[in-house]
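Colleague: Residue numbers (our numbering), protein chains in the order written: chain A, 1 to 170; chain B, 1001 to 1170.
Heads up, the beta-carbon is just placed ideally off N, CA and C, and yes, glycines get one too.
Note that the coordinates shown come from a computational prediction; the quantities given were computed from them, not determined experimentally.
Handing you a structure now.
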DNA sequence: TGTTGATTGACAGTATACTGACGATCTAGG
DNA sequence: CCTAGATCGTCAGTATACTGTCAATCAACA
């Protein structure tokens, strides 16, 4: 029986590959986000971090990285920049000298309120070319895929675990 | 009539946002690619560049950036690294002193042949958690979305345009 | 022909993203 | 109490990704 021939080396194969499409779509998404939000001087990553700190005041950097599925090393510089812009502040934890707790400043809370409409517009624009039914289908499949592939990424999302020690009386 | 209330600020909203899901999926895709291909010392981007140079020998950096939808600045360092690994070589164009033409070396052609099965495995693994029918649906929608949003990215894909001057006799 | 405008590759600067390592610190076990 | 292991923030190193700029070069036009 004949063995399967090797796949042809063509750009068409690249253009149809999941990895290529995910990278391309991410580039497009960032581009649209930055365009809608350019008057705010906030990147998508910085936005996600602000939301997480707003939702969980007093979170530390390691737990924050688990909540938004971010590399801890990368997060260090993100936090630094947010602090430099006076959107967040770091306070040492009294009971653990290793930890620094993160809080939104008034400035940070204000920018968050202001930027949200722009973010909503950006998110809508990313899917706009699709028919409404297709948007739902795509998002549904993506949520599934990201969830089922969670452990495949270096920094899996640990939304609940990360918060056990945060005022929930775990 | 009552105006729509502002959306709540929650992590759930972030987790369901297209931009967040695209970023997350890209992280996962890169992670899987690197895992399957770690013995080859090639990144996803370097792989795409090699394929494009293989398909279009003698392409220059600017056209290459259009063919794989890459920033020209970024591409400079990618080319540098591929050249340092002796997978490609740069030759000055005789009729235009600004341009350097890109060619695969024997080493580059060899690594390409060897890595392809690993890349195929990686691409398959990214979609593996979904049912076969859902994989097709997702890829179909993504291809559409990336194509229809092409102009929204800073470096739109220009597959055909870029090759008008390359042995096709315009 | 000579100048204008566009293109090419290169560079500096910023911002993710990941690997691996490190000292400081905390926790558990003996 | 004291040490072994774990955790925390940080840092160095590499690799995308984008913005903006620059000199060299080329093409087109007056």
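1. So, does the stretch 1076 to 1086 of chain B touch the stretch 1033 to 1046 of chain B, judging by three or more C-beta pairs under 8 Å?
2. Verify whether the separation of the beta carbon atoms of residue 1102/B and residue 1090/B is less than 8 Å.
3. Do you know how far the Cα of residue 146/A is from the Cα of residue 1012/B?
4. Could you pull the DSSP bridge partners for residue 1089/B from this structure?
5. Consult DSSP for residue 98/A and reduce its assignment to one of helix, strand or coil.
6. Taking a Cβ distance cut-off of 7 Å, strictly less, list which residues of the stretch 1022 to 1035 of chain B are near chain A, in chain order.
7. Does DSSP classify residue 59/A as helix, strand or coil?
8. Name the chain B residues whose beta carbon is nearer than 7 Å to that of residue 134/A?
9. Could you work out which residues of chain A lie near residue 1055/B, taking near to mean beta carbons separated by less than 7 Å?
10. Do residue 77/A and residue 155/A have their beta-carbon atoms positioned less than 8 Å apart in this structure?
11. Does the CB of residue 121/A have a neighbour CB from chain B at under 8 Å?
12. Rounded C-beta distance between residue 99/A and residue 60/A? I'm assuming under 8 Å.
13. Is there at least one Cβ from chain B nearer than 8 Å to residue 130/A's Cβ?
14. Residues of chain A with a CB under 8 Å from the CB of residue 1048/B: which are they?
15. In its own chain, which residues sit with a C-beta less than 7 Å from the C-beta of residue 1169/B, not counting the 5 before and 5 after it?
16. So which residues on chain A does residue 1153/B lean against when the C-beta distance must stay under 7 Å?
17. Please classify residue 58/A as buried or exposed, where buried requires at least 16 other C-beta atoms within 10 Å of its C-beta.
18. Does the count of Cβ pairs from the stretch 131 to 150 of chain A and the stretch 1116 to 1130 of chain B closer than 8 Å reach three?
19. Contact criterion: CB-CB distance below 8 Å. Does residue 1075/B meet it with respect to chain A?
20. Which value, in whole angstroms, describes the spacing of the CA atoms of residue 109/A and residue 1036/B?
21. Please report the Cβ distance between residue 175/A and residue 1153/B, rounded to the nearest whole angstrom; I am assuming they are in contact, meaning their Cβ atoms lie under 8 Å.
22. Can you grab the Cα-Cα spacing for the pair residue 117/A / residue 1133/B, in whole Å?
23. What do you get for residue 167/A, buried or exposed, if any count of 16 or more other CB atoms within 10 angstroms of its CB means buried?
24. Between which residues of its own chain and residue 74/A is the CB-CB distance below 7 Å, once the five residues before and five after are set aside?
Modeller: The answer reads as follows:
1. With the cut-off at 8 Å, the stretch 1076 to 1086 of chain B and the stretch 1033 to 1046 of chain B touch.
2. One-based indexing of the second chain puts residue 1102/B at position 102. One-based indexing of the second chain puts residue 1090/B at position 90. Yes, they are a contact pair.
3. In the second chain, residue 1012/B corresponds to position 12, counting from 1. In the first chain, residue 146/A corresponds to position 146, counting from 1. Their Cα atoms are separated by approximately 14 Å.
4. Working through the second chain from its first residue, we reach residue 1089/B at position 89. Per the DSSP secondary-structure output, residue 1089/B pairs in a beta bridge with 1103/B.
5. Position 98 of the first chain holds residue 98/A. Here residue 98/A sits in strand by DSSP.
6. 1022, 1023, 1024, 1025, 1026, 1027, 1028, 1029, 1031, 1032, 1033
7. Taking the first residue of the first chain as position 1, residue 59/A is located at position 59. Note: residue 59/A maps to strand in three-state DSSP.
8. Along the first chain, one-based indexing puts residue 134/A at 134. Simply 1141.
9. As a working note, residue 1055/B is residue 55 in the second chain. Correct list: 9, 10, 11.
10. The residue labelled residue 155/A in the question sits at position 155 within the first chain. The residue labelled residue 77/A in the question sits at position 77 within the first chain. The answer is no: Cβ separation not under 8 Å.
11. Translated into the one-based positions of the first chain, residue 121/A becomes position 121. Not closer than 8 Å to any Cβ of chain B, the Cβ of residue 121/A fails to qualify, so no.
12. Within the first chain, numbered from 1, the residue matching residue 99/A stands at position 99. Within the first chain, numbered from 1, the residue matching residue 60/A stands at position 60. Sure, about 5 Å apart at Cβ, within 8 Å.
13. As a working note, residue 130/A is residue 130 in the first chain. Cβ-Cβ to chain B under 8 Å: yes for residue 130/A.
14. Sequence index remark: in the second chain, residue 1048/B carries index 48 (1-based). Those within 8 Å of residue 1048/B in chain A are 14, 20.
15. Translated into the one-based positions of the second chain, residue 1169/B becomes position 169. With a pLDDT of 31 at residue 1169/B, under the threshold of 50, the predicted position of this residue should be treated as unreliable, and no value is reported.
16. Translated into positions along the second chain, residue 1153/B becomes position 153. The CB of residue 1153/B comes closer than 7 Å to the CB of 27, 28, 31 in chain A, given here in chain order.
17. Your numbering for residue 58/A matches position 58 in the first chain. By the 10 Å Cβ count, residue 58/A comes out exposed.
18. yes
19. For this step, residue 1075/B is matched to residue 75 along the second chain. No - not a single Cβ of chain A is within 8 Å of the one on residue 1075/B.
20. Looking up residue 109/A in the first chain gives position 109. Looking up residue 1036/B in the second chain gives position 36. Near 43 Å, if we compare the C-alpha coordinates of residue 1036/B and residue 109/A.
21. No answer is possible for residue 175/A: the residues shown for chain A start at 1 and end at 170.
22. The residue given as residue 117/A occupies position 117 in the first chain. The residue given as residue 1133/B occupies position 133 in the second chain. The straight-line gap from Cα to Cα measures roughly 36 Å.
23. Numbered from 1 along the first chain, position 167 holds the residue referred to as residue 167/A. With a pLDDT of only 41 at residue 167/A, under 50, the local geometry of the prediction cannot be trusted, and the value read off the model is given with reservation. Exposed, since its Cβ has fewer than 16 Cβ neighbours within 10 Å.
24. Numbered from 1 along the first chain, position 74 holds the residue referred to as residue 74/A. Nothing listed; no residue qualifies.
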